[in-house]
Amino acid sequence: MHEMGIALEIARIAHDRLGPAAPQLVTVGVEVGDDAGVEPANLEFCLEAVLATPPFRGAKGLVTRARGDVLQLAYLEVDDGNPDD
Amino acid sequence: MAIRTIEVRERVMARNDELAAQVRDRLSAHGVTALNLVSSPGAGKTTLLERTLATVGEELDIAVITGDVQTQNDAERLAAHTSRIVSAVVTGGACHLDALQVLTALDAIDLDRTQLLFIENVGNLVCPANWDLGEREKIVLFAVTEGEDKPLKYPAMFKRARHVVMTKTDLLAHVPFDIHVAMTNARRVNPELSFFEVSAVRAWGLPVWFNFLRHVAAAERVRA
Numbered sequence: 059m060h061e062m063g064i065a066l067e068i069a070r071i072a073h074d075r076l077g078p079a080a081p082q083l084v085t086v087g088v089e090v091g092d093d094a095g096v097e098p099a100n101l102e103f104c105l106e107a108v109l110a111t112p113p114f115r116g117a118k119g120l121v122t123r124a125r126g127d128v129l130q131l132a133y134l135e136v137d138d139g140n141p142d143d
Numbered sequence: 003m004a005i006r007t008i009e010v011r012e013r014v015m016a017r018n019d020e021l022a023a024q025v026r027d028r029l030s031a032h033g034v035t036a037l038n039l040v041s042s043p044g045a046g047k048t049t050l051l052e053r054t055l056a057t058v059g060e061e062l063d064i065a066v067i068t069g070d071v072q073t074q075n076d077a078e079r080l081a082a083h084t085s086r087i088v089s090a091v092v093t094g095g096a097c098h099l100d101a102l103q104v105l106t107a108l109d110a111i112d113l114d115r116t117q118l119l120f121i122e123n124v125g126n127l128v129c130p131a132n133w134d135l136g137e138r139e140k141i142v143l144f145a146v147t148e149g150e151d152k153p154l155k156y157p158a159m160f161k162r163a164r165h166v167v168m169t170k171t172d173l174l175a176h177v178p179f180d181i182h183v184a185m186t187n188a189r190r191v192n193p194e195l196s197f198f199e200v201s202a203v204r205a206w207g208l209p210v211w212f213n214f215l216r217h218v219a220a221a222e223r224v225r226a
């Protein structure tokens, strides 16, 4: 199940981007192409497992289908912990 | 709570591809060609390599990196046929080799005394398709004991390959497998594919395969 390897790589990129803010991660947006050889439901399952481990505190993966062999980390959503304006 | 969105737009495979580029640069500097053998489990990668090492292993200075989920059995089988380096990578559960594993394995290989490097990937027609290992090309082994529609079921691997080795052709008389239908299916996925038809056990079709390897090795030496 190579989705787990891909989930770990996505977590590594997220950690690199967020640094000390990694625990505030709430959503990981991933684009997966039809020809990417990745099963979206499996990837979401693996992301949930990986993002439940430190330095993360539980975040969900949201996969969006795309054309071709695209496989990219599109965006991260973090909870700044500030009250809504 | 206030949710902030951070645009990333980073290819997930970018780091692996950077490492694959390092592998490619290192091999190119030494005039070494890497061929990444991929297939379903049991298609005959190790048997083809045994025959290849026994016949042209010394002539073409062949080294091998084997990838297996568990055991070093394939590496031990191959080492019996050559004094050349056979480097085993046990992935410990992972379903494919990655570029970092290959880059690390290169440290055990005398690249100045190597022309051809075979990477025997983990038997799996899905995952290895996505991982660039720094190879010159992926070569798919497709056994006549499989289904003729394998290329249609696993198109990514056949799209990324240039050559297909039809293996176990000595069994064609015993299995309901139409090799022409199978090759047509593969060409529907990738019209550029070229084919070899071999039986490593009976040594059928191997001279054509060996000549291809000689040509590939010579072409890389010219480039280097």
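If you read the sequences in order, they're chains B and R. Under the working numbering, the first residue of the first sequence carries the number 59, and numbering increases by one thereafter. Under the working numbering, the first residue of the second sequence carries the number 3, and numbering increases by one thereafter. The beta-carbon is built from N, C-alpha and C at its ideal position, and this holds for glycine as well.
Quick one: does the C-beta of residue i sit closer than 6 Å to a heavy atom of the ligand PLP?
i, result
"L99 of chain R", "The ligand content of the structure shown is nil, which means the ligand PLP is not present either."
Quick one: is residue i near chain B, going by C-beta distance under 7 Å?
i, result
"A22 of chain R", "no"
"E78 of chain R", "no"
"V128 of chain R", "yes"
"H98 of chain R", "yes"
"I8 of chain R", "yes"
"L163 of chain R", "With the sequence shown as reference, residue 163 of chain R is identified as Ala, and Leu is not the correct amino acid for it. Chain B contact via Cβ: absent."
Cβ atoms of residue j and residue i: under 7 Å apart, would you say?
i, j, result
"L62 of chain R", "L102 of chain R", "no"
"D19 of chain R", "D100 of chain R", "no"
"A36 of chain R", "E137 of chain R", "yes"
"E150 of chain R", "D172 of chain R", "no"
"E89 of chain B", "T122 of chain B", "yes"
"G91 of chain B", "A124 of chain B", "yes"
"T116 of chain R", "A90 of chain R", "no"
"V218 of chain R", "V104 of chain R", "no"
"E122 of chain R", "M168 of chain R", "no"
Is residue i helix, strand or coil when you go by DSSP?
i, result
"E89 of chain B", "strand"
"M15 of chain R", "coil"
"L105 of chain R", "helix"
"K155 of chain R", "helix"
"E139 of chain R", "strand"
"F160 of chain R", "helix"
"H98 of chain R", "coil"
"G119 of chain B", "strand"
"A94 of chain B", "coil"
"N75 of chain R", "helix"
Since residue i contacts residue j with CB under 8 Å, what's their CB separation in whole angstroms?
i, j, result
"M159 of chain R", "V40 of chain R", "6 Å"
"L101 of chain B", "G116 of chain B", "Between G116 of chain B and L101 of chain B the Cβ distance is about 17 Å, and since that is not below 8 Å, they are no contact."
Under 9 Å Cβ-Cβ, which residues of chain B neighbour residue i?
i, result
"R17 of chain R", "E67, R70 and I71"
"A131 of chain R", "G95"
"A158 of chain R", "D93, A94, G95 and D127"
Using a C-beta to C-beta distance shorter than 7 Å, which residues of chain B count as neighbours of residue i?
i, result
"R11 of chain R", "Q130 and A132"
Step through the CB atoms of chain R and report whether any lies within less than 7 Å of the CB of residue i.
i, result
"E61 of chain B", "no"
"V136 of chain B", "yes"
"N140 of chain B", "yes"
Note down, in chain order, every chain B residue with its Cβ under 8 Å from the Cβ of residue i.
i, result
"V14 of chain R", "I64, E67, I68, I71, V88, L129, Q130 and L131"
What does residue i touch in chain R if you count any residue whose Cβ is under 7 Å from its own?
i, result
"V84 of chain B", "I5"
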